[in-house]
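Colleague: Quick one: the structure is below, and I'll ask about it shortly.
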Amino acid sequence: MSVRYFTVDEANELLPELEPLVGRVLALRARITSQSRELGGLLTDLSSNIGGPLPTRLAGEFAEVEGLVRRIQSYGCVLKSLEAGLLDFLCERDGRDVYLCWRYGEPRVEYYHELHTGFQGRRPV
């Protein structure tokens, strides 16, 4: 994974490419969660042979999520949360490193936070 520094404009320019990838990850995660519940205790019973269409589909969806995560990270941003669709973009602001912060569904990167504060410490750029 190659992390790089971004300006607000550079981060925003990537959103048209990143947003559909993050959206797909969120959709897959929701399906995997739902389908995993269908399998119930079979997933925790190591002696079960749970072959069939549903486990095969789940394995494929897990592989797709992994591929999407690698693809998202290849842009140089940091995927902070699969659950919320949070991306951080390393940025230098006032001589220190901060993260520009974007959450799936937001129209553009409009917030930043200190490296140690996370989403709860977001402030407008």
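Residue numbers (our numbering): 1 to 125.
Think of the CB as a built atom: it goes at the ideal place given N, C-alpha and C, for glycine as much as any other residue.
As the structure is a computational prediction, the values presented were derived from the model and not from experiment.
If I measure Cβ to Cβ from Lys80 and keep anything under 6 Å in the same chain, skipping five residues before and after, which residues do I get?
Modeller: Within the sequence shown, residue 80 is the residue found at index 80, counting from 1. Same-chain partners within the cutoff: Leu86, Asp88.
Colleague: To which residues does DSSP link Glu92 through a beta bridge?
Modeller: Your numbering for residue 92 matches position 92 in the sequence shown. Glu92 is bridged to Asp97.
Colleague: What three-state label does DSSP hand Pro55 in the structure shown?
Modeller: By one-based count along the sequence shown, residue 55 stands at place 55. Residue state, collapsed to three classes: helix.
Colleague: Label Arg115 either buried or exposed according to how many other C-beta atoms from any shown protein chain fall within 10 Å of its C-beta, with 16 as the threshold for buried.
Modeller: If you number the sequence shown from 1, residue 115 lands on position 115. Per the sequence shown, the amino acid found at residue 115 is Leu instead of Arg. Exposed, because fewer than 16 other Cβ atoms sit within 10 Å of the Cβ of Leu115.
Colleague: Can you find the residues in the same chain that come closer than 6 Å, C-beta to C-beta, to Glu83, ignoring five residues on each side of it along the sequence?
Modeller: Reading the sequence shown from its first residue, position 83 is the one you call residue 83. Excluding residues within five positions, none has a Cβ falling inside 6 Å.
Colleague: Pick out whichever of Arg96, Gly105, Tyr104 has its Cα sitting closest to the Cα of His113.
Modeller: In the sequence shown, the residue the question calls residue 113 occupies position 113. Of the candidates Arg96, Gly105, Tyr104, the one whose C-alpha sits nearest the C-alpha of His113 is Arg96.
Colleague: Three-state secondary structure (DSSP) at Arg108?
Modeller: The residue labelled residue 108 in the question sits at position 108 within the sequence shown. Residue state for Arg108 is assigned as coil, using DSSP reduced to three classes.
Colleague: Rounded to whole angstroms, what is the Cα-Cα separation between Leu90 and Gln73?
Modeller: Along the sequence shown, one-based indexing puts residue 90 at 90. Along the sequence shown, one-based indexing puts residue 73 at 73. Their backbone Cα atoms lie some 12 Å apart in a straight line.
Colleague: Let me know if Tyr5 comes out buried or exposed under the rule of 16 or more other beta-carbons within 10 Å of its beta-carbon.
Modeller: Here residue 5 refers to the residue found at position 5 when the sequence shown is read from its first residue. Exposed is the call here.
Colleague: Let me know if Ala11 comes out buried or exposed under the rule of 16 or more other beta-carbons within 10 Å of its beta-carbon.
Modeller: Here residue 11 corresponds to residue number 11 of the sequence shown, with the count starting at 1. Result: buried.
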